[in-house]
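Encoded as structure tokens, the structure appears first; notes follow it.
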Amino acid sequence: MELTKFYSLPKLPYGYKDLEPQISEEQLTIHHEKHHQAYVTGANAILEKLDKARKEGAELDMKATLKELSFNIGGHLLHSLFWPNLAPAGKGGGRPGGTLADGIEEEFGSFERFKKEFTQAAASVEGSGWAALTVCKQTKRPIIMQIEKHNVNLYPTFEILMDLDVWEHAYYLDYKNARPKFVEAFWNIVNWDEVSKRLEEVLK
Ligand code: MN
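In this note's numbering, the protein residues as written are 898 to 1101.
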């Protein structure tokens, strides 16, 4: 019971070697076991600190605490969405189908245009951050989002269909500073079935 009030590191839906050559075993292992774990640990530590302070009636620096909390929870949740929207080459990559393909076509004019805009969004995030394909629940329009760090520029209630981590820790071992090469490789391992499933959830 108690455990569900805290976060835990989700297992990857594939092996550490399975995304090669796009993402190496070493890169993926460090990213998942060290970086993602750090956000889980960080979020839980702040939640424990909040629990403790409330119990003891202690003062907290709310501004700093909440900033740190949103950074860590954002990091955890974005990574939790990221891993399943990747799949080993063969299963991943190619193009989406069904409703997702129709929605992309309608919004962007073509899959190529969407791919170009998303690639540019991912390549140009300032500092550390993410690119995400989202859908607005009010208008049902797919919208590309740039997320700085893990929490800046997030649109409230927009559902994230697909996200791409462009923090250096996501690609540096494999691509050094060549972020665009990593973004290019990403298209070979997108799990379109998962992205489609998330869209269907929003539309139903
Ligand atoms: Mn990351």
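Each residue gets a CB set at the ideal place from its N, CA and C atoms; glycine is no exception.
{"query": "Near ligand 1: ALA935 beta-carbon under 7 Å from a heavy atom", "result": "no"}
{"query": "Given 8 Å, three or more beta-carbon pairs between the stretch 1055-1067 and the stretch 903-910", "result": "no"}
{"query": "Beta-carbon gap between TYR913 and LEU925 smaller than 8 Å", "result": "yes"}
{"query": "Through-space distance from TRP1064 to GLU965, alpha-carbon basis", "result": "18 Å"}
{"query": "Contact under 8 Å by Cβ, ASP1062 with TRP1027", "result": "yes"}
{"query": "Contiguous alpha helix (DSSP H) assignments of at least 4 residues, all confined to the stretch 963-1049", "result": "995-1005 and 1008-1020"}
{"query": "LEU1030 classed as buried or exposed, judged by whether at least 16 other C-beta atoms fall within 10 angstroms", "result": "buried"}
{"query": "Coarse secondary structure for PRO910, derived from DSSP in three states", "result": "coil"}
{"query": "Close-in-space but distant-in-sequence residues of the same chain around CYS1033 (CB under 7 Å, 5 per side omitted)", "result": "ILE1040 and PHE1055"}
{"query": "Exposure label - TYR1068; buried when at least 16 CB within 10 Å", "result": "buried"}
{"query": "Residue from ASN1050, ILE920 and MET1042 with nearest C-alpha to LEU980", "result": "A small fix is needed here, since residue 980 is Trp in this sequence, not Leu. The option with the nearest alpha carbon to TRP980 is ILE920."}
{"query": "Test: ASN969 CB closer than 8 Å to a CB of chain D", "result": "Within the model displayed, chain D is absent; a lone protein chain is all it includes."}
{"query": "Any non-hydrogen atom of ligand 1 closer than 7 Å to ASP1062 Cβ", "result": "yes"}
{"query": "Reduced DSSP category for ILE1057 - H, G, I as helix; E, B as strand; rest coil", "result": "strand"}
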